[in-house]
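Step one of this worksheet: look at the structure below.
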Amino acid sequence: MYKFLLTVIPTLRKGKNSNGYENCINLARIQFKTMYPASELQEYQLSAISNPEKFEINNFYCNSLV
Numbered sequence: 169m170y171k172f173l174l175t176v177i178p179t180l181r182k183g184k185n186s187n188g189y190e191n192c193i194n195l196a197r198i199q200f201k202t203m204y205p206a207s208e209l210q211e212y213q214l215s216a217i218s219n220p221e222k223f224e225i226n227n228f229y230c231n232s233l234v
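The opening residue of the sequence shown carries number 169 in our numbering; numbering runs sequentially from there.
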């Protein structure tokens, strides 16, 4: 799941203030389903794609290792 967030967070951060941001979120959801067809987005993942500028991906990764 880290790979998914690593892929989409930078793109979402760039597009956060654009008119098509909702489309970006929907594309991220589709990408998740493509990468992980048997899984559902978890609450932290939804939070990350909805508010990417506040999501610290490096902290998330480090905490996942512990």
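The beta carbon of each residue, even a glycine, is placed where N, CA and C say it ideally should be.
{"Check": "Simplified DSSP state of leucine 174, which is helix, strand or coil", "Outcome": "helix"}
{"Check": "Exposure label - alanine 216; buried when at least 16 CB within 10 Å", "Outcome": "buried"}
{"Check": "Residue closest to leucine 173, alpha-carbon to alpha-carbon, out of Leu209, Asn191 and Gly183", "Outcome": "Leu209"}
{"Check": "Burial state of valine 234, where buried means 16 or more other Cβ atoms lie within 10 Å", "Outcome": "exposed"}
{"Check": "Option in Glu190, Tyr170 and Asn227 with minimal Cα separation from asparagine 219", "Outcome": "Glu190"}
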